[in-house]
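Novice: Below: one structure in structure tokens.
There are 2 protein chains.
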Amino acid sequence: MTRRNIRQRVHEDIRTQILRGEIGPDTKLVDTAIAGELGVSRMPVREALMQLVSEGYLEGTSRGFALPSLSHEQILEFFVLRRLLEPHAAASAAQARTEQVIAAMQEAVSAIQATLTTRAFEPFFRACEHFRDSWLNAVPNTELRRTIQRYSGQVQSVRLSTMRDLDTKRTIIAGQLELLEAFKAKDALAASNCMSRFVMEGEKSYRKLTRAEWSG
Amino acid sequence: MTRRNIRQRVHEDIRTQILRGEIGPDTKLVDTAIAGELGVSRMPVREALMQLVSEGYLEGTSRGFALPSLSHEQILEFFVLRRLLEPHAAASAAQARTEQVIAAMQEAVSAIQATLTTRAFEPFFRACEHFRDSWLNAVPNTELRRTIQRYSGQVQSVRLSTMRDLDTKRTIIAGQLELLEAFKAKDALAASNCMSRFVMEGEKSYRKLTRAEWSG
DNA sequence: TATCAACAAAAAGTATACAGTTAATGCTGA
DNA sequence: TCAGCATTAACTGTATACTTTTTGTTGATA
Chain B
118 MTRRNIRQRV HEDIRTQILR GEIGPDTKLV DTAIAGELGV SRMPVREALM
168 QLVSEGYLEG TSRGFALPSL SHEQILEFFV LRRLLEPHAA ASAAQARTEQ
218 VIAAMQEAVS AIQATLTTRA FEPFFRACEH FRDSWLNAVP NTELRRTIQR
268 YSGQVQSVRL STMRDLDTKR TIIAGQLELL EAFKAKDALA ASNCMSRFVM
318 EGEKSYRKLT RAEWSG
Chain D
118 MTRRNIRQRV HEDIRTQILR GEIGPDTKLV DTAIAGELGV SRMPVREALM
168 QLVSEGYLEG TSRGFALPSL SHEQILEFFV LRRLLEPHAA ASAAQARTEQ
218 VIAAMQEAVS AIQATLTTRA FEPFFRACEH FRDSWLNAVP NTELRRTIQR
268 YSGQVQSVRL STMRDLDTKR TIIAGQLELL EAFKAKDALA ASNCMSRFVM
318 EGEKSYRKLT RAEWSG
């Protein structure tokens, strides 16, 4: 298990933190500081951070590494990519899914519903990530999966901001249940359509949100 | 101009070499050796090489860095990605294209035709890359363009191997001229269709090639 | 002759030191 | 009080040395 080297462990570590939303938009990651905490030298940490930069998870500034600041345009661009890739990904995953995948998705949905009782949105968000991971892992095309995961990290914060109110949450869960049904039936077309609507809904929510922020 | 640091210069350097096909499949890139040649220390070279790995241009082995050896499955996976992304990319680029883009594409096609007189395929290949760059740069969605460029580096060698005989070359040029016409007319649909056929032709050539290799 | 183990060589990985840059801080003068 | 400049502190970038891992080779033994 500890056969991997320091760089790989640190890379995995920070990547997980980012994916969990534990790195705020103002957090500055500095190699020396992290190295100090872990009791290792700068170099492996620095290399891990730079790898995360080239993977799009971080942005290197002259004063530490931080989450990349996405412009409005970039976010819309990512939605285009999602529309192009995720329906096909969902379709192929639905066809190739195993029973374990169904179980994982089922469990994730239950977890999501359980979070509805609280007002906090972070647990809800985390559970949604888990649901997403569970079907994404069933995508047989590794390169496609990797590509999707690459930008997933970046739009993380956006998705978080569009999931706030209860109505939106209910809509999301309805969509997830629909996707789950498609996966159960191994219905590729249904999964594709479901995913298309899902992404378009996400974009609509985002556009509404930004309009609201402008006017008030 | 020399404001960029050593790492960035070395990265750009090696990347260009790879794109030009100057790195053979048996070439082993070792940081100490390259550093020695350039009169710098290992570290910036090592970092450049590792960045190229995470970008998919190279593969890190226990004995130097080398071109990644793509499995048959991986290559087919990349074709799926191309089918999903490039038609849309071409369509949007056709709509947004400027006169400079047309000029660049035109020039590239002329250059390609000029290489037909020789038997060598490397000039032809290079000119094709140039054509591809010229329309790809017109894709307005930066993230989409970046995503396409990311895997482009990897399938480089495959594309090279499918471009050998004269008939294939003529087919490719015909396709390029068609794409150029679509761009001139700002015809997004035509560009999309053209690109779909282009990618599917490429996949067909590749499949034919691998079948031929198996049988002898 | 084949196999395996010991050893040597090469390269990756890590640590540390130091140089170069850039942003924050504080200081001066209007 | 604030603009402008100098100083300083915080990081990044590069160099070098050392450690660990992996591979290739030699040689002894069956």
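Sequence lines, in order, name chains B and D. To convert, count from 1 in the first sequence and add 117; that's the numbering used here. To convert, count from 1 in the second sequence and add 117; that's the numbering used here. Yeah, the Cβ is synthetic: ideal placement off N, Cα and C, and Gly gets one too. Fair warning: this is a prediction, and the values are worked out from it, not measured in the lab.
1. Is it the case that the Cβ atoms of methionine 280 of chain D and tryptophan 252 of chain D are separated by a distance below 7 Å?
2. Check whether the stretch 197 to 210 of chain B and the stretch 220 to 239 of chain B are in contact - that is, three or more C-beta pairs closer than 8 Å.
3. What does serine 171 of chain D touch in chain B if you count any residue whose Cβ is under 7 Å from its own?
4. Please look up how many angstroms separate the CB atoms of glutamate 176 of chain B and serine 186 of chain B, rounded, as I've assumed it's under 8 Å.
5. Tell me, please, whether the stretch 232 to 239 of chain D touches the stretch 261 to 275 of chain D by the rule of three or more beta-carbon pairs shorter than 8 Å.
6. Hey, is leucine 253 of chain D's beta-carbon within less than 7 Å of any beta-carbon in chain B?
7. Which residue's Cα is closest to the Cα of lysine 145 of chain D: D:Asp282, D:Pro161 and D:Leu166?
8. Find the residues of chain D that neighbour threonine 264 of chain B, judging by a C-beta separation of less than 7 Å, and give them in chain order.
9. Exposed or buried, what is alanine 291 of chain B when buried is set at 16 or more other beta-carbons lying within 10 Å of its beta-carbon?
10. Helix, strand or coil for glutamate 176 of chain B per DSSP?
11. Could you tell me whether the Cβ of leucine 175 of chain B comes closer than 7 Å to any Cβ of chain D?
12. Give every residue of the same chain whose Cβ lies closer than 8 Å to the Cβ of isoleucine 192 of chain D, excluding the five residues on either side of it in the sequence, and list them in chain order.
13. From glutamate 239 of chain D to isoleucine 131 of chain D, what distance separates their C-alpha atoms?
14. To be precise: take each residue of the stretch 187 to 213 of chain D, compare its Cβ to all Cβ atoms of chain B, and keep it if any distance is under 7 Å. Which residues remain?
15. Tell me which same chain residues have a C-beta within less than 8 Å of the C-beta of cysteine 311 of chain B, skipping the five on either side of it?
16. Sort out for me which residues DSSP pairs leucine 146 of chain B with in a bridge.
17. From the beta carbon of glutamate 216 of chain D, is the nearest beta carbon of chain B less than 7 Å away?
18. Would you say glutamate 260 of chain B reaches chain D, if we count a Cβ-Cβ gap shorter than 7 Å as a contact?
19. I need the boundaries of the alpha helix (DSSP H) containing isoleucine 135 of chain D, first residue and last residue.
20. Between which two residues does the alpha helix (DSSP H) carrying arginine 243 of chain D extend?
21. Cβ closer than 9 Å: which chain D residues qualify as neighbours of tyrosine 268 of chain B?
22. Could you check if aspartate 282 of chain B is buried or exposed, using at least 16 other CB atoms within 10 Å of its CB as the buried criterion?
23. Within the same chain, show all residues whose beta-carbon is closer than 6 Å to that of histidine 128 of chain D, passing over the 5 residues directly before and after it, in chain order.
24. Can you give me the start and stop residues for the alpha helix (DSSP H) that methionine 280 of chain D sits inside?
25. For the stretch 312 to 329 of chain B, which residues have a beta carbon sitting closer than 9 Å to at least one beta carbon of chain D?
26. For leucine 261 of chain D, which option in B:Ala244, B:Glu190, B:Ala308 and B:Asn258 has the closest C-alpha, if you only look at C-alpha atoms?
27. Skipping 5 residues on each side, what residues in its chain have a beta carbon closer than 6 Å to that of alanine 307 of chain B?
Specialist: Reading off the structure:
1. Reading the second sequence from its first residue, position 163 is the one you call residue 280 of chain D. Reading the second sequence from its first residue, position 135 is the one you call residue 252 of chain D. No, the pair does not count as a contact, with Cβ atoms beyond the cut-off.
2. no
3. Taking the first residue of the second sequence as 1, we reach residue 171 of chain D at position 54. Here the neighbours are Gln168, Ser171 and Glu172.
4. Within the first sequence, the letter at position 59 stands for residue 176 of chain B. Within the first sequence, the letter at position 69 stands for residue 186 of chain B. So it is a contact: roughly 7 Å between Cβ atoms.
5. A contact between stretches requires three or more CB pairs, one per stretch, nearer than 8 Å, and the stretch 232 to 239 of chain D fails this requirement with the stretch 261 to 275 of chain D.
6. For the purposes of this step, residue 253 of chain D is identified with residue 136 of the second sequence, where counting begins at 1. Answer no: the Cβ-Cβ gap between leucine 253 of chain D and chain B never drops below 7 Å.
7. Numbered from its first residue, the second sequence carries residue 145 of chain D at position 28. Closest option to lysine 145 of chain D, Cα to Cα, is D:Leu166.
8. Looking up residue 264 of chain B in the first sequence gives position 147. Within 7 Å Cβ-Cβ: Leu198 and Thr264.
9. The sequence position of residue 291 of chain B within the first sequence is 174, counting from 1. So alanine 291 of chain B counts as exposed.
10. Taking the first sequence and counting its residues from 1, one reaches residue 176 of chain B at position 59. When secondary structure is reduced to three states using DSSP, glutamate 176 of chain B falls in the strand class.
11. Here the question's residue 175 of chain B lines up with position 58 in the first sequence. Answer no: the Cβ-Cβ gap between leucine 175 of chain B and chain D never drops below 7 Å.
12. Along the second sequence, read from residue 1 onward, the residue named residue 192 of chain D stands at position 75. Excluding residues within five positions, the ones whose Cβ falls inside 8 Å are Val272, Val275 and Tyr323.
13. Taking the second sequence and counting its residues from 1, one reaches residue 239 of chain D at position 122. Taking the second sequence and counting its residues from 1, one reaches residue 131 of chain D at position 14. The straight-line gap from Cα to Cα measures roughly 18 Å.
14. Gln191, Glu194, Phe195, Val197, Leu198, Leu201, Leu202 and His205
15. Walking along the first sequence from the start, residue 311 of chain B turns up at place 194. Hits under 8 Å: Ala207, Gly292, Glu295, Leu296 and Ala299.
16. Your numbering for residue 146 of chain B matches position 29 in the first sequence. Looking at the DSSP assignment, leucine 146 of chain B forms a beta bridge with B:Phe182.
17. Taking the first residue of the second sequence as position 1, residue 216 of chain D is located at position 99. Answer no: the Cβ-Cβ gap between glutamate 216 of chain D and chain B never drops below 7 Å.
18. Residue 260 of chain B sits at position 143 when you count from the first residue of the first sequence. Yes, its Cβ sits closer than 7 Å to a Cβ of chain D.
19. Within the second sequence, numbered from 1, the residue matching residue 135 of chain D stands at position 18. 123 to 136 is the extent of the alpha helix (DSSP H) around isoleucine 135 of chain D.
20. By 1-based counting over the second sequence, the position of residue 243 of chain D is 126. Its alpha helix (DSSP H) spans residues 239 to 253.
21. For the purposes of this step, residue 268 of chain B is taken as residue 151 along the first sequence, with counting starting at 1. Under the 9 Å cutoff, chain D gives Glu260 and Thr264.
22. As a first step, residue 282 of chain B must be located in the first sequence, where it is residue number 165. The residue in question, aspartate 282 of chain B, is exposed, as its Cβ has fewer than 16 Cβ neighbours within 10 Å.
23. On the second sequence, position 11 is the one that residue 128 of chain D refers to. Answer for histidine 128 of chain D: Ala165 and Gln168, listed in chain order.
24. Indexing the second sequence from 1 puts residue 280 of chain D at position 163. Taken as a continuous stretch (DSSP letters only), methionine 280 of chain D belongs to no alpha helix (DSSP H), as it is neither H nor E.
25. none
26. As a first step, residue 261 of chain D must be located in the second sequence, where it is residue number 144. Ranking the options by Cα distance to leucine 261 of chain D, first place goes to B:Glu190.
27. Translated into positions along the first sequence, residue 307 of chain B becomes position 190. Around alanine 307 of chain B: Ala299.
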